[in-house]
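Quick notes on the structure that follows.
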Amino acid sequence: MPKPTPTQPHTGTYGLFDDPDETAQTTALAEAHELHRLEAVIRRQKRHDRYQQAKEAKAARRLASGKKERSRFFALFFGVFGGGGSGYRRGTVNAAGPEVEYRIVRKVSLPEPVYGREDVYGVDSLWLRECAMVKVWSKDPGGCHIVPGSMVGKGA
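Taking full-length UniProt numbering, the leading residue of the sequence shown gets 1, the next gets one more, and so forth.
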């Protein structure tokens, strides 16, 4: 009888040959893996908490000694590569005000109404009403189009 490969689980774990010892061993192994994973999560969380507490304590010590929250190196690094944050250009610390930011604001433009009120074909359709669409006459083959109600002008 061939032996199972190392990656193939034993057939007893599938319930073909139920063995109480094997079932207990499989359950114990699964619980051990779960316990090991949970312990790793707890260790990671404790390590993260210690890091955060040390970081906050260091910032509090810096502020208590009259220094800024970040060291000069980090302030220079973030000023050159990062967000700057102060709103002033480099070299203009004594400037009258913060740097002015200009943005291009685009206005929403709706398309001009293509069809007039006289082009609307009066169809009592629940589907068209729910979709805010109307049926209009056109010169194209088929004789009509279904278009959004916003494309119909308020004229005659």
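Idealized CB from N, CA, C, for every residue including glycine.
If we count the other Cβ atoms within 10 Å of its Cβ and call it buried at 16 or more, is residue i buried or exposed?
i       : result
Val-136 : buried
Val-108 : exposed
To which residues of the same chain is residue i closer than 6 Å at the C-beta, ignoring the five residues directly before and after it?
i       : result
Val-123 : Lys-135
Give a yes or no on whether the C-beta atoms belonging to residue i and residue j are separated by under 8 Å.
i       : j       : result
Arg-129 : Lys-154 : no
Ala-75  : Lys-68  : yes
Cys-144 : Tyr-121 : yes
For residue i, which residues from the same chain have a beta carbon less than 7 Å from its beta carbon, with the 5 sequence-adjacent residues on both sides left out?
i       : result
Ala-132 : Pro-148, Gly-149
Arg-44  : none
Give the DSSP bridge partners of residue i, in chain order.
i       : result
Cys-144 : Trp-137
Val-120 : Val-136
Val-152 : Tyr-115
Starting from the C-beta of residue i, find all residues in its chain whose C-beta is less than 8 Å away, skip the five residues before and the five after it, and write them out in chain order.
i      : result
Gln-25 : none
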